[in-house]
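Comments concern the structure below.
Numbering (my numbering), first residue to last: 3 to 160.
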């Protein structure tokens, strides 16, 4: 069995809290959508689906990130709500023989409370030069989610 990458889709934030979560007094006030997409391309060691050269039991993955948040909420007041950095990644597992979706696997990871408190206590966070949290805080969460989903696929489909 071989696993191929069909596509990667990262949904941009559309909720009302997006404005607060992505706000900063620095130039880092940008959407994380492209950074997340590039990270997924970097860590997914899968080839693209070729039209005519696959076996009966080969599968393709549609990788989706339906929700993510930076974890920045009103200069640290998000601690009251538990507004920590978070990423949700879903894999649609598709049979290449039939073209049908077999199942959808999902993994959600949040920054630990200790990591969250450390982020709030950084000098940049205290004087608001940069957002409390950024892509560097989401990177390990993305990696954890992807590896856990790949491991689940390996155990189910090998």
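Backbone N, C-alpha and C define an ideal beta-carbon position, used for all residues, glycine too. Treat the numbers as computed from the prediction; the structure is a model and nothing was measured.
Q.
Could you tell me which whole alpha helix (DSSP H) segments of length 4 or greater appear in the region 65-127?
A. 115-122
Q) Which same chain residues, not among the five before or five after residue 68, have their C-beta less than 7 Å away from its C-beta? A) 13, 90, 92
Q.
Suppose contacts are defined by Cβ-Cβ distances below 7 Å. Is residue 48 in contact with residue 95 by that definition?
A. no
Q) For the putative contact between residue 110 and residue 140, defined by C-beta atoms under 8 Å, what is the C-beta separation to the nearest angstrom? A) About 12 Å separates the two Cβ atoms, so there is no contact after all.
Q: Identify whether residue 5 lies in helix, strand or coil by the three-state DSSP scheme.
A: strand
Q: Taking 7 Å as the cut-off, decide whether the C-beta atoms of residue 51 and residue 10 are in contact.
A: no
Q. Name the DSSP bridge partner or partners of residue 63?
A. Partner residues in the beta bridge of residue 63, as assigned by DSSP, are 7, 95.
Q) What residues are listed by DSSP as bridge partners for residue 51? A) DSSP lists no partner for residue 51.
Q: For residue 71, count neighbouring Cβ atoms within 10 angstroms of its own Cβ and tell me buried if that reaches 16, exposed if not.
A: Buried, because 16 or more other Cβ atoms sit within 10 Å of the Cβ of residue 71.
Q | Rounded separation between residue 57 and residue 153 - CA only | A | 21 Å
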